[in-house]
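Structure first, commentary second.
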Amino acid sequence: MLLINNQEVEELMDMKACLDALETGYEDLARNDAVYRPRLDVWFPCGRPDGYYRWGTMEGASRTIGTFAIRMKSDVVHWPEGGTEEKYCMEPGNYCGLIMVFSVANGEPLAIINDGVLQHMRVGGCAGLGAKELAREDASVVGMFGSGGMARTYLMAFNEVRNIEEVRAYSPTKANREAYAAEMSETLGLKVTAVDSPEDVVRGADIVSACTDSTRVVFDDPEWLKPGAHITCVRSCEIGPRAVEACDVSVMLGRNTVLTMDEGMVRLHGNVGYVAGQPDEIARIPNPTQDAYSGDYFHYFMDVKAGRKPGRTSPEQTTFFINAGTQGLQFAACAGRVYQMAKEKGMGRELPTEWFTQDIRD
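The letter at position 71 of the sequence shown is residue 71 when you use my numbering, and the numbering goes up by one with no holes.
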């Protein structure tokens, strides 16, 4: 069994390999040769009065890649002044997210992988799949809200599926957006400019991408949109209702969470979970009312990809890709591929498989 860290993941998987793995997973899903369980969270009061403990899992399997994976994360989350969601494990700046990979042929535990790099890659990769399906063929200008990890991988993915020439980036902290612009200009060889307002991001952009940790709307003025623009996001609350209503075609990647709710389950941030705590504790958790994960205005990505539902049918249409759902399959595809590449290249730390098996029937 292999233990694979973030540095090794970064060395093994670039965005092209990530997109290839995701395409394989979704081809399996179209043939009923893949499966996933949507995200499910468990919430419990923690030691700080302005936060909550949150345990999240998602899982899936791919026949072609031959793996099952479960992604698990252990976070203390809090919301400074209600504007953003912050998280950590043990102390700020430290995180705990793990992917366990198993063989679907014989059940063998194959790998434990740190999820930090792969998490950003698979989300950005799926945004790239959305742009490949829905953005105009000649899309060349990206307007980016955000300057963190997702803003980096989203741009990498857009650059793989379209001939990107120019990027305008905005985040509230000037130093952060300027650092992002300088780094991505050098990394991708693109003209990336830090701009001073949300309007500067959107006007003239062929692809408008919101990649923030905001719990509030970051863009909601459809008059700023260029005809034929493509919009996507990370969080459901980032794109406001007026902008959503202005879209001609809206497509959701897949079911973001379980649809039916048992006793004790609630919906928070678009995800279903189990929540413990007293009423005043539960009231700490902000729950944005704008939820692009619900409603019947969108088609599912697999239906569009298979031609069962229409995607973009003209250059002038405005499209919206809701990058949520099927997370478990994404981890099976991407983590499974990382494991295969690590074995081929002799990377990762070997752990005795017998540490993870037993002779007592469970």
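Built from N, CA and C at the ideal position, the CB exists for glycine as well. Quick caveat: nothing in here was measured; it's all calculated off a predicted structure.
Asked: Contacts around Ala179, its chain only, beta-carbon distance under 8 Å, and the 5 residues preceding and following it disregarded; Found: Ser147
Asked: Thr232 classed as buried or exposed, judged by whether at least 16 other C-beta atoms fall within 10 angstroms; Found: buried
Asked: Cβ-Cβ separation, Met1 to Phe356 (assumed contact under 8 Å), whole Å; Found: 6 Å
Asked: Cα-Cα separation between Met15 and Asp280, rounded to whole angstroms; Found: 44 Å
Asked: Reduced DSSP category for Phe356 - H, G, I as helix; E, B as strand; rest coil; Found: helix
Asked: Segment limits, alpha helix (DSSP H) that includes Lys16; Found: 15-30
Asked: Distance CB(Val251)-CB(Val304) smaller than 8 Å; Found: yes
Asked: Own chain residues within Cβ distance below 7 Å of Cys126, not counting five before or after; Found: Leu22, Leu253, Asn323, Gln330
Asked: Three-state class that DSSP yields for Asn114 in the structure shown; Found: strand
Asked: Thr57 - DSSP class collapsed to helix/strand/coil; Found: strand
Asked: Proximity winner among Asp138, Glu316, Ala111, Ala61, relative to Leu98 (alpha-carbon distances); Found: Ala111
Asked: Residue of Ile113, Thr313, Thr193, Glu86 minimising C-alpha distance to Arg337; Found: Ile113
Asked: Thr353 beta carbon near the ligand ZN (any heavy atom closer than 7 Å); Found: This structure lacks the ligand ZN, and indeed carries no ligand of any kind.
Asked: Rounded straight-line distance, which links the Cα of Gly143 to that of Val421; Found: Outside the shown range of the chain, which is 1 to 362, sits residue 421, and nothing can be said about it.
Asked: Own chain, CB closer than 7 Å to Pro80, minus 5 neighbours either side, in chain order; Found: Glu86
Asked: Beta-bridge partners of Cys89, as assigned by DSSP; Found: Glu91
Asked: Nearest-angstrom Cα separation, counted from Gly149 out to His120; Found: 6 Å
Asked: Three-pair Cβ contact test at 8 Å for the segment 21-40 versus the segment 51-71; Found: yes
Asked: Chain-order list of residues whose beta-carbon lies under 7 Å from that of Val101 (same chain, five-residue window excluded); Found: Thr67, Ala69, Leu110, Ala111, Ile113, Ala335, Gly336, Tyr339
Asked: Boundaries (first-last residue) of the beta strand (DSSP E) holding Ile207; Found: 207-210
Asked: Whole-number beta carbon distance between Thr353 and Thr215, since they are thought to touch under 8 Å; Found: That belief does not hold up - the Cβ atoms of Thr215 and Thr353 are roughly 43 Å apart, past 8 Å.
Asked: Beta strand (DSSP E) runs wholly inside the segment 270-329, at least 3 long, in chain order; Found: 271-275, 319-322
Asked: N-terminal and C-terminal residue of the beta strand (DSSP E) that Met72 is part of; Found: 67-78
Asked: Exposed unless 16 or more other CB atoms sit within 10 angstroms - verdict on Met58; Found: buried
Asked: Where the beta strand (DSSP E) containing Ala243 begins and where it ends; Found: Premise fails: Ala243 lies in the alpha helix (DSSP H), 241-245, not in any beta strand (DSSP E).
Asked: Touching by the beta-carbon criterion (3+ pairs, under 8 Å), the segment 182-189 and the segment 152-160; Found: yes
Asked: Separation of Trp55 from Val208, as counted between CA atoms; Found: 31 Å
Asked: C-alpha gap between Cys211 and Ser236, whole angstroms; Found: 11 Å
Asked: Buried versus exposed, by CB contacts within 10 Å (16 or more), Thr318; Found: buried
Asked: Local conformation of Gly97 per DSSP, three classes; Found: strand
Asked: Alpha-carbon to alpha-carbon, Arg267 and Phe44; Found: 15 Å
Asked: Where the alpha helix (DSSP H) through Arg177 begins and ends; Found: 174-188
Asked: Range of the contiguous alpha helix (DSSP H) that encloses Met156; Found: 149-161
Asked: Buried versus exposed, by CB contacts within 10 Å (16 or more), Ile239; Found: buried
Asked: Neighbour-count burial assignment, Pro315, 16 or more Cβ in a 10 Å radius; Found: exposed
Asked: Presumed contact (8 Å Cβ cut-off) between Met206 and Ala139, rounded CB distance; Found: The sequence given here places Asp at residue 206; Met does not occur at that position. That belief holds up - the Cβ atoms of Asp206 and Ala139 are roughly 4 Å apart, short of 8 Å.
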